[in-house]
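This report refers to the structure that appears directly beneath it.
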Amino acid sequence: MADLSRYLPLSRRPDADESGVTADRRAETAEVLIALAAVLRSIDGEAWTAATARPGWQVAEVASELVEDFGRSRTRRALDAAGRIARGGEARRLAELTRLPGPVEAADRIALRAGEVRDRAKPTNVVELDDAVVAALLIGDAVGAVVPISPRASGAVALRRAAAAPTEIRAVIAGHRLRATDAGWEFGHGPALVDTAAGLLRFLTGIGTVAPHRPRPDEAGAVD
């Protein structure tokens with residue numbers, strides 16, 4: 001089973017030639033956005049207003065926020081987030097959000113963004129990929145669809161989230177390796193905690209509350 005750190009600059013492996021290692025996430029981000037757009041094109045008005053695991057947020061609002069955030073710099077994101085906390089947090093964000101009229105327009109905007117990301121000269125870092133993956137999980141779960149997320153994409157976001165996890169999540173994963181049973185990646189040190197890639201992402205992003213578990217003897221990849 002591959003250690004994801006082989007593919008990332010955050011690797012703790014011994015010094016070696018890292019000329020082939022890149023933090024550019026253009027391809028992965030475009031793939032997730034295209035897959036999410038396809039799911040949005042397949043849903044109806046009822047699914048567009050379905051509740052997501054983000055309290056108070058519907059599919060429409062998650063998709064609209066993803067579109068609205070396209071092109072914002074990391075600094076702008078941080079300033080906006082700090083301002084929302086000062087002015088009322090999630091409720092304020094919902095009040096300020098420009099909601100798209102329907103899933104087809106959202107799909108069109110997201111697909112357009114996918115093409116821009118794929119074709120632009122400027123690299124895409126993991127922050128934009130993180131946005132796409134979180135939206136894909138929230139929307140897919142809410143409408144009963146699976147938005148495909150590649151092992152490279154899921155692993156990169158999982159590693160980012162684990163590195164910056166809040167205290168309650170860090171308390172669970174500290175001193176363990178995290179292993180995706182269906183994606184061929186793992187990272188960390190210590191006894192393994194396992195789940196599917198999507199399950200690990202739900203826990204690490206706070207979308208879900210089901211923590212990864214120690215592998216059972218009959219579970220795939222159970223041997224440490």
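Each step along the sequence shown adds one to the number in full-length UniProt numbering, with nothing skipped, and position 59 is 59.
From the three backbone atoms N, C-alpha and C, an ideal C-beta is built for every residue, glycine too.
Residue 257 versus R170: straight-line alpha-carbon distance, rounded: Residue 257 lies beyond the range of the chain shown here (1 to 224); nothing can be said about it.
Within 10 angstroms of the Cβ of E96, are there 16 or more other Cβ atoms? Answer buried if so, exposed if not. If you number the sequence shown from 1, residue 96 lands on position 96. Per the 10 Å Cβ criterion, exposed.
Taking the straight line between their C-alpha atoms, what separation do you get for H189 and H213? Residue mapping note: residue 189 aligns to position 189 of the sequence shown, counting from 1. Residue mapping note: residue 213 aligns to position 213 of the sequence shown, counting from 1. Inter-residue distance for H189 and H213 is about 15 Å (C-alpha atoms, whole angstroms).
According to DSSP, simplified to helix, strand and coil, what is F187? What you label residue 187 is simply residue 187 of the sequence shown in a count that begins at 1. Here F187 sits in strand by DSSP.
At least 3 beta-carbon pairs within less than 8 Å: the segment 165–183 vs the segment 40–50: Touching, no.
Nearest-angstrom Cβ-Cβ length linking V32 and L178, presumed shorter than 8 Å: Working through the sequence shown from its first residue, we reach residue 32 at position 32. Working through the sequence shown from its first residue, we reach residue 178 at position 178. Wrong, their Cβ atoms sit about 20 Å apart, outside the cutoff.
Kindly indicate which three-state DSSP category V126 falls into: helix, strand or coil? As a position in the sequence shown, residue 126 is number 126, starting the count at 1. Correct three-state label for V126: helix.
Assuming A158 and L201 form a contact by the criterion Cβ under 8 Å, report the distance between their Cβ atoms to the nearest whole angstrom. Counted from its first residue, the sequence shown places residue 158 at position 158. Counted from its first residue, the sequence shown places residue 201 at position 201. Confirmed, Cβ separation roughly 6 Å.
Would you check if there are 3 or more beta carbon pairs closer than 8 Å linking the segment 27–43 to the segment 109–118? The segment 27–43, when compared against the segment 109–118, does touch it at the 8 Å Cβ threshold.
My output table needs one value for R72: the three-state DSSP class, helix, strand or coil. Translated into the one-based positions of the sequence shown, residue 72 becomes position 72. Correct three-state label for R72: coil.
Roughly how many whole angstroms lie between the Cα atoms of G56 and E90? Sequence index remark: in the sequence shown, residue 56 carries index 56 (1-based). Sequence index remark: in the sequence shown, residue 90 carries index 90 (1-based). Using only the alpha carbons, I get a separation of about 8 Å.
Can you give, in chain order, each stretch of the alpha helix (DSSP H) that sits fully within the segment 83–168 and has at least 4 residues? You should have 89–96, 103–119, 126–143, 151–163.
For D17, does the three-state DSSP call read helix, strand or coil? Numbered from 1 along the sequence shown, position 17 holds the residue referred to as residue 17. The predicted model places D17 with a pLDDT of 36, which falls under 50 and marks its position as unreliable; any figure quoted below should be read in that light. In this structure, D17 counts as coil in the three-state DSSP scheme.
Give me the residue from V127, D69, P217, A63 with the minimum Cα distance to A106. By 1-based counting over the sequence shown, the position of residue 106 is 106. The residue with the shortest Cα to Cα distance from A106 is A63.
Keeping to the same chain, check which residues put their C-beta closer than 8 Å to that of R99; ignore five residues upstream and five downstream. Within the sequence shown, residue 99 is the residue found at index 99, counting from 1. Taking R99 as the centre and dropping the five residues before and after it, the same chain places the C-beta of A60, E61, S64 closer than 8 Å to its C-beta, in chain order.
Neighbour-count burial assignment, V147, 16 or more Cβ in a 10 Å radius: Locating residue 147 in the sequence shown gives position 147, where the first residue counts as 1. Counting of Cβ neighbours within 10 angstroms places V147 among the buried residues, the total reaching 16 or more.
Just to check my reading of the structure: R93 and V126 have Cβ atoms closer than 8 Å, yes? What is that Cβ distance to the nearest angstrom? If you number the sequence shown from 1, residue 93 lands on position 93. If you number the sequence shown from 1, residue 126 lands on position 126. Actually they are not in contact, since the Cβ atoms of R93 and V126 sit about 22 Å apart, beyond 8 Å.
In whole angstroms, what is the alpha-carbon distance linking R109 and I43? One-based indexing of the sequence shown puts residue 109 at position 109. One-based indexing of the sequence shown puts residue 43 at position 43. The alpha-carbon atoms of R109 and I43 are separated by roughly 16 Å.
Cβ-Cβ distance between S150 and A197 below 7 Å: For the purposes of this step, residue 150 is taken as the residue at position 150 of the sequence shown. For the purposes of this step, residue 197 is taken as the residue at position 197 of the sequence shown. No, Cβ-Cβ distance for S150 and A197 is not below 7 Å.
So T181 packs on D195, CB below 8 Å; how close in whole Å? Taking the first residue of the sequence shown as 1, we reach residue 181 at position 181. Taking the first residue of the sequence shown as 1, we reach residue 195 at position 195. Contact holds; Cβ gap of about 7 Å.
Nearest neighbour of P103, chosen from I139, R152, G144 [CA to CA]: Within the sequence shown, residue 103 is the residue found at index 103, counting from 1. Measuring from the Cα of P103, the nearest candidate turns out to be I139.
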